[in-house]
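Start counting at 1 in the sequence shown, then tack on 34, and there's your number in our numbering. Reading through the structure tokens given below for one structure.
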Amino acid sequence: MTTKAKLLATSIDCAEPKKLAEFYHQVTGLPILHAEDEYAGLSDGTTTLYFGRVPGREPVPWPSSAKQFHLDFRVPDVDQAVKEYLALGATKPEFQPGVTDEGVGWVVLLDPEGHAFCVCPETS
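In structure tokens:
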């Protein structure tokens with residue numbers, strides 16, 4: 035039998051941990067637990083995001099097969115959330131796989147350091 039692991043946190047490489055922690059604090063409302071130039075963290079005791087400084091980190095272009103992860107967030111109003119996140123420093127790439135002829139299913143944004151994240155509608 036394999037030992038079952040419990041996910042502790044998601045750690046994200048970045049150039050400016052304090053700045054990226056502040057961005058995701060605004061997006062998620064998760065409290066900032068720690069913020070220094072080399073390392074920052076957010077957590078509500080259940081969900082935890084860490085940000086570690088990696089000098090010279092280059093963002094992966096979107097779309098790209100080199101992308102290794104992305105975060106998905108559910109929101110009550112996708113259009114409103116996208117406007118707010120853009121105002122916080124996110125960018126919206128041209129390629130949007132969640133937009134169909136029926137409308138918007140989800141929107142891909144890039145955080146201030148170029149990590150992709152999806153803004154998804156709440157489900158009933």
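Backbone N, C-alpha and C fix where the C-beta goes; we use that ideal spot for every residue, glycine too. Bear in mind the structure is a predicted one, so any value in this text is a computation, not a measurement.
Rounded C-alpha distance that separates residue i from residue j
{"i": "Val61", "j": "Asp145", "result": "10 Å"}
{"i": "Arg91", "j": "Ile46", "result": "11 Å"}
{"i": "Leu83", "j": "Leu64", "result": "9 Å"}
{"i": "Gln114", "j": "Ala121", "result": "11 Å"}
{"i": "Ser98", "j": "Val109", "result": "25 Å"}
{"i": "Thr80", "j": "Thr44", "result": "12 Å"}
{"i": "Arg87", "j": "Lys53", "result": "11 Å"}
{"i": "Thr36", "j": "Phe107", "result": "30 Å"}
{"i": "Gly123", "j": "His59", "result": "13 Å"}
{"i": "Thr157", "j": "Tyr73", "result": "34 Å"}
{"i": "Leu67", "j": "Tyr119", "result": "21 Å"}
For residue i, three-class secondary structure by DSSP
{"i": "Pro51", "result": "helix"}
{"i": "His104", "result": "coil"}
{"i": "Thr134", "result": "strand"}
{"i": "Val142", "result": "strand"}
{"i": "Val94", "result": "coil"}
{"i": "Thr44", "result": "strand"}
Residue i, enclosing alpha helix (DSSP H) - first and last residue
{"i": "Leu122", "result": "Val112 to Leu122"}
Sub-8 Å separation of residue i and residue j beta-carbons
{"i": "Trp96", "j": "Ala49", "result": "no"}
{"i": "Ala55", "j": "Phe103", "result": "no"}
{"i": "Val94", "j": "Val153", "result": "no"}
{"i": "Val112", "j": "Val138", "result": "yes"}
{"i": "His132", "j": "Trp140", "result": "According to the sequence displayed, residue 132 carries Gly and not His. In this structure, Trp140 lies closer than 8 Å to Gly132 by Cβ."}
{"i": "Pro89", "j": "Asp71", "result": "no"}
Host beta strand (DSSP E) of residue i (start-end)
{"i": "Ser77", "result": "Tyr73 to Ser77"}
{"i": "Leu83", "result": "Thr82 to Arg87"}
{"i": "Pro155", "result": "Ala150 to Pro155"}
{"i": "Ala39", "result": "Ala39 -> no beta strand (DSSP E), and no H or E assigned at all."}
{"i": "Leu33", "result": "Any answer about residue 33 is impossible in this case: the structure gives the chain only from 35 up to 158."}
Counted within 10 angstroms of its Cβ, other Cβ atoms place residue i as buried (16 or more) or exposed
{"i": "Leu41", "result": "exposed"}
{"i": "Gly75", "result": "buried"}
{"i": "Phe57", "result": "buried"}
Near the ligand NAP: residue i beta-carbon under 7 Å from a heavy atom
{"i": "Asp47", "result": "Judged by which ligands are present, the structure shown has none, so any question about the ligand NAP falls away."}
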